[in-house]
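J.: This note's numbering puts the first residue of the sequence shown at 1, with every later residue one more than the last.
Below: one structure in structure tokens.
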Amino acid sequence: VTQTIASSIRIYYETLSHQPRAKNWLPSGLPTYVPVPTGVLIAHTEIIKPPKHWANLAFNLKHWSLQQKGGHFFAFEQPQL
């Protein structure tokens, strides 16, 4: 047993927990705009699918792709894409 459950669920706790947020924070929890050019791939069976509008508010969105196959581990499930 690897004893890594705490580190594996940390991202979910931090993302979904109800921590006080500063005024004007985006729903994704980002405090400011991220100017780095960003691409997003949303897999068909992904559990959390953020609206493209949120991504446009939070990032310098250059690419948005909705895929019909694959899930949370997209690169592993669809290596040919």
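Even for Gly, the Cβ is constructed at its ideal location relative to N, Cα and C.
Whose CA, out of G39, T45, T4 and I5, lies closest to the CA of G71?
T.: If we check each option's Cα against that of G71, T45 comes out closest.
J.: Are the Cβ atoms of K69 and Q80 separated by less than 7 Å?
T.: No.
J.: Looking at the strands, I want to know which residues DSSP matches up with I42.
T.: In the DSSP output, where bridge partners are listed per residue, I42 has L66.
J.: Using 8 Å for Cβ pairs, my map puts V40 next to N60. What's the rounded Cβ distance?
T.: Wrong, their Cβ atoms sit about 11 Å apart, outside the cutoff.
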